[in-house]
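A.B. asks: Residue numbers (this note's numbering): 588 to 930.
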Ligand code: ASP
């Protein structure tokens with residue numbers, strides 16, 4: 588068997604930070620010296636190449652333009668590598684992973700995002716293990732020689748998750764991610780144990796990289812006491828095309844007349860509203876309670892078990908593809924890359 592090759596795309600984040608020996612200040616590492624920081628990489632038997640963002644960024648500064656750039660890099664190098672590891676700050680990793688899962692249509696190779704809570708240069712760092720295992724997963728093959736995990740995933744602290752199912756749940760713990768509504772794709776212990784029933788099947792669709800994203804999307808979190816004037820203001824924002832409404836429990840919200848009126852007017856202006864739950868897990872079931880029955884009448888899309896991150900980036904992606912109105916609602920309801928479970 589030939590040596591597997593993996594491309595590392597370094598976008599920034601804590602994982603790539605090293606302490607400058609002279610000033611003592613943290614700065615992004617020189618990717619060319621990655622093997623100095625992690626000498627184990629040489630013994631892995633994987634051919635590694637890397638590409639770095641010219642200016643590595645904290646992930647709070649990463650957005651749609653960078654998602655398209657990462658997707659384009661993967662597209663340009665798709666044939667030459669067996670897998671891809673994206674080094675990324677953990678703060679917005681779930682958004683990037685979700686967006687990439689939509690932008691990389693028909694993906695048949697692993698794209699593993701990873702990062703760390705402590706910089707690669709610090710003694711107790713989690714970066715080394717995350718990086719080494721992410722590379723191992725990106726180059727892993729099944730008994731037929733096919734990539735083991737042909738989808739966009741997130742690897743963090745011994746666990747592999749489907750990228751568009753992840754949420755960052757902790758600001759300090761090494762175990763910073765969770766996938767509340769989908770099983771882990773793998774767990775790394777002495778062996779890496781893959782849960783094949785949770786991993787997307789190999790697809791024969793042609794691979795295509797999309798780059799258009801439309802940011803005319805807002806998130807509206809409902810809360811007790813929410814003012815209808817505020818809802819009217821948000822829904823009346825210039826350029827707004829779609830809203831992710833995060834609701835209570837299984838998709839419920841206030842039944843106050845003026846609130847529902849604001850939603851109705853927005854719908855009449857062609858704004859798409861998708862309803863996802865604020866809960867940590869579970870799904871939206873519009874109509875189960877009277878407090879969500881009107882959402883069905885208003886044509887609000889029940890967002891099933893989508894995370895906010897996946898719902899938001901899916902809206903941006905589909906708007907970027909030119910979908911509006913009914914066509915957009917229909918597409919939102921159906922999975923594109925395993926991001927939601929149909930009832
Ligand atoms: N603020 C950092 C970032 O998201 C945190 C991290 O890398 O984990 O870029």
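For glycine and all other residues, C-beta sits at the position ideal for the given N, C-alpha and C.
In chain order, what residues of the same chain have a beta carbon less than 7 Å from the beta carbon of residue 799, not counting five sequence neighbours either side?
C.D. replies: These residues qualify, in order along the chain: 907, 908.
A.B. asks: From this set, 830, 754, 658, which residue's C-alpha is nearest residue 867's C-alpha?
C.D. replies: Nearest C-alpha to residue 867: 754.
A.B. asks: Can you tell me the Cβ-Cβ gap for residue 661 and residue 698, rounded? I've got them flagged as a contact below 8 Å.
C.D. replies: Correct: roughly 6 Å between the Cβ atoms.
A.B. asks: Could you give the uninterrupted runs of the alpha helix (DSSP H) lying entirely in the stretch 689–765, keeping only those of 4 residues or more?
C.D. replies: Entirely contained in the stretch 689–765, the alpha helix (DSSP H) runs reaching 4 residues are, in chain order, 714–725.
A.B. asks: Assess, as a yes-or-no matter, whether the stretch 736–754 is touched by the stretch 762–769 under the definition of 3 or more beta carbon pairs within less than 8 Å.
C.D. replies: Touching, yes.
A.B. asks: May I have all residues whose beta carbon comes closer than 7 Å to any heavy atom of ligand 1, sorted in chain order?
C.D. replies: Any residue whose Cβ sits closer than 7 Å to a heavy atom of ligand 1 makes the list: 599, 600, 601, 602, 645, 646, 647, 676, 677, 678, 679, 702, 703, 704.
A.B. asks: DSSP on residue 904, reduced to helix/strand/coil?
C.D. replies: Residue 904 falls in the helix class under three-state DSSP.
A.B. asks: How would you label residue 777, buried or exposed, when you count the other beta carbons within 10 angstroms and need 16 or more for buried?
C.D. replies: Answer is exposed; the Cβ neighbour count stays below 16.
A.B. asks: Using 10 angstroms around the beta-carbon of residue 929, count the other beta-carbons present and answer buried if the total reaches 16, otherwise exposed.
C.D. replies: By the neighbour-count rule (16 or more Cβ atoms within 10 Å), residue 929 is not buried but exposed.
A.B. asks: Closest to residue 735 by CA distance: which of 688, 920, 779, 915 is it?
C.D. replies: With distances taken between Cα atoms, residue 735 lies closest to 779.
A.B. asks: DSSP has residue 934 in a bridge; who is on the other side?
C.D. replies: No answer is possible for residue 934: the residues shown for the chain start at 588 and end at 930.
A.B. asks: List, from N- to C-terminal side, the beta strand (DSSP E) runs of 3 residues or more that fit wholly inside the stretch 815–880.
C.D. replies: DSSP runs (the beta strand (DSSP E)) wholly in the stretch 815–880: 829–834, 859–864.
A.B. asks: What residues are listed by DSSP as bridge partners for residue 605?
C.D. replies: Its beta-bridge partners are 614.
A.B. asks: So, using beta-carbon positions, are residue 658 and residue 690 closer together than 9 Å?
C.D. replies: Cβ distance < 9 Å, so residue 658 and residue 690 count as in contact.
A.B. asks: In or out: residue 892 buried (at least 16 other Cβ within 10 Å) or exposed?
C.D. replies: It counts as buried.
A.B. asks: Does residue 779 come out as helix, strand or coil in the three-state DSSP assignment?
C.D. replies: Three-state result, residue 779: strand.
A.B. asks: Are residue 676 and residue 616 touching if we call contact CB-CB under 9 Å?
C.D. replies: No, the Cβ-Cβ distance between residue 676 and residue 616 is not below 9 Å.
A.B. asks: Taking one C-beta from the stretch 631–642 and one from the stretch 677–684 each time, how about it: are there three or more such pairs within less than 8 Å?
C.D. replies: Judged by Cβ distances under 8 Å, the stretch 631–642 makes no contact with the stretch 677–684, as fewer than three pairs qualify.
A.B. asks: Decide if the stretch 832–845 is in contact with the stretch 881–901; the criterion is three or more beta carbon pairs, one per stretch, under 8 Å apart.
C.D. replies: The answer is yes - the stretch 881–901 touches the stretch 832–845, with three or more Cβ pairs under 8 Å.
A.B. asks: Should residue 612 go down as buried or exposed, given a rule of 16 or more other Cβ atoms within 10 Å for buried?
C.D. replies: Exposed, by the Cβ-count rule.
A.B. asks: Below 8 Å CB to CB, which residues in the same chain sit around residue 846 once its five sequence neighbours on both sides are set aside?
C.D. replies: Same-chain partners within the cutoff: 813, 815, 818, 840.
A.B. asks: In terms of residue numbering, what span does the alpha helix (DSSP H) encompassing residue 661 cover?
C.D. replies: Start and end: 651–663.
A.B. asks: Take residue 756 as the anchor and find which of 792, 704, 793 has the nearest alpha-carbon.
C.D. replies: Measuring from the Cα of residue 756, the nearest candidate turns out to be 704.
A.B. asks: Taking 8 Å as the threshold, find out whether the stretch 737–745 comes into contact with the stretch 785–797 through three or more Cβ pairs.
C.D. replies: Touching, yes.
A.B. asks: Pull up the CB-CB distance for residue 821 and residue 803, whole angstroms please, since I reckon it's below 8 Å.
C.D. replies: 13 Å between Cβ atoms; not a contact.
A.B. asks: Tell me the DSSP bridge mates of residue 635?
C.D. replies: In DSSP, residue 635 forms a bridge with 593.
A.B. asks: Cβ atoms of residue 687 and residue 672: under 9 Å apart, would you say?
C.D. replies: No, the pair does not count as a contact, with Cβ atoms beyond the cut-off.
A.B. asks: Based on Cα-Cα distance, which residue from 831, 729, 759 lies nearest to residue 782?
C.D. replies: Comparing Cα-Cα distances from residue 782 to each of 831, 729, 759, the minimum goes to 729.
A.B. asks: Under the DSSP definition of a beta bridge, which residues are partnered with residue 889?
C.D. replies: Residue 889 is bridged to 862.
A.B. asks: Answer with buried or exposed for residue 710, where buried requires no fewer than 16 other C-beta atoms within 10 angstroms of its C-beta.
C.D. replies: Burial call: exposed.
A.B. asks: Tell me the DSSP secondary structure of residue 808 in three-state form.
C.D. replies: It is a strand residue.
A.B. asks: Nearest CA to the CA of residue 793: which residue from 716, 859, 831, 692?
C.D. replies: Of the listed residues, the one whose Cα sits closest to residue 793 is 692.
A.B. asks: Give me the Cα-Cα distance between residue 917 and residue 809, rounded to the nearest whole angstrom.
C.D. replies: Going by the C-alpha atoms only, they are around 24 Å apart.
A.B. asks: Do residue 599 and residue 655 have their C-beta atoms within less than 9 Å of each other?
C.D. replies: Not closer than 9 Å, so no.
A.B. asks: Opposite residue 625 in the DSSP bridges: which residues?
C.D. replies: Bridge partners of residue 625: none, in fact.
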